[in-house]
Amino acid sequence: MAITGCGAFQPLVTVVELISKCDAFRGKPINLAGYLGECSVYSCHLYPDPVGMAAADEYMRALSSELKLAVAEKRPASSTSLGPKPRSIGMGGGAEFDRKAAQFQNSYVVISGRVAKATCTGEGGTDRSAGLEPTAIRAMTSAELDPGPI
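This is the structure in structure tokens:
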């Protein structure tokens, strides 16, 4: 939880909530909760959970295989047989953020930052396209991981 300018409170937003309500968050500061995969020079994503990360990894392996096969067979590549692409939020930030995030890779985190105005996920860009420009990162607390009955 964070306090921003004028004492405004920013509640936790999950990856699923950000994706489903993207327009409401564009350009706004948030505290984004999710599962951080590996952050490196060309890629840093926040997923709903480890299962979502594994699904995204599998999708990318299958897409790579399809592209190689299409080139070998001299035909256009198609991703339609792969099903929908698993969703994630791309992190901006670069090397400084990566250093801060290194200790949190492959764990649940809260990342504070500002949602991009053009896209909430970072999709459509190349390499390190940001859906969120991060300003801070921390581990999720046990209470945040298990909020109890709703």
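Residue numbers (numbering that gives the first Met the number 0): 0 to 149.
From the three backbone atoms N, C-alpha and C, an ideal C-beta is built for every residue, glycine too.
Residue nearest to residue i in terms of C-alpha spacing, selected from the options
{"i": "Leu-81", "options": "Leu-66, Thr-118, Glu-95 and Val-40", "result": "Leu-66"}
{"i": "Gln-102", "options": "Leu-131, Thr-79 and Ile-136", "result": "Ile-136"}
{"i": "Cys-46", "options": "Thr-79, Glu-95, Phe-24 and Val-12", "result": "The sequence shown places Tyr at residue 46, not Cys. Nearest option by C-alpha distance: Val-12."}
{"i": "Ser-106", "options": "Ile-88, Met-59, Ala-61 and Tyr-34", "result": "Tyr-34"}
{"i": "Gly-112", "options": "Pro-133, Arg-98 and Ser-128", "result": "Pro-133"}
{"i": "Ile-18", "options": "Ala-71, Ala-115 and Ser-141", "result": "Ala-115"}
{"i": "Pro-85", "options": "Lys-20, Thr-120 and Asp-145", "result": "Thr-120"}
{"i": "Ala-61", "options": "Thr-79, Leu-31 and Tyr-41", "result": "Thr-79"}
DSSP three-state assignment for residue i, whether helix, strand or coil
{"i": "Glu-132", "result": "strand"}
{"i": "Pro-49", "result": "helix"}
{"i": "Gly-93", "result": "helix"}
{"i": "Val-40", "result": "coil"}
{"i": "Ala-100", "result": "helix"}
{"i": "Ser-19", "result": "helix"}
{"i": "Arg-74", "result": "coil"}
{"i": "Ser-106", "result": "strand"}
{"i": "Ser-111", "result": "strand"}
{"i": "Thr-13", "result": "strand"}
Presumed contact (8 Å Cβ cut-off) between residue i and residue j, rounded CB distance
{"i": "Gly-36", "j": "Ile-88", "result": "That pair is no contact at about 11 Å."}
Alpha carbon of residue i to alpha carbon of residue j, nearest angstrom
{"i": "Phe-96", "j": "Ser-128", "result": "14 Å"}
{"i": "Val-14", "j": "Ala-23", "result": "14 Å"}
{"i": "Val-109", "j": "Gly-93", "result": "17 Å"}
{"i": "Glu-57", "j": "Cys-43", "result": "16 Å"}
{"i": "Ala-138", "j": "Ile-29", "result": "16 Å"}
{"i": "Ala-54", "j": "Lys-73", "result": "28 Å"}
{"i": "Arg-99", "j": "Ala-117", "result": "Before going on, a small fix: residue 99 reads as Lys here, not Arg. The straight-line gap from Cα to Cα measures roughly 25 Å."}
{"i": "Cys-21", "j": "Glu-122", "result": "13 Å"}
Sheet register partners of residue i (DSSP bridge)
{"i": "Leu-66", "result": "None, per the DSSP bridge assignment."}
{"i": "Thr-120", "result": "Per DSSP, none; premise fails for Thr-120."}
{"i": "Leu-35", "result": "Leu-45 and Ser-106"}
{"i": "Arg-137", "result": "Val-109"}
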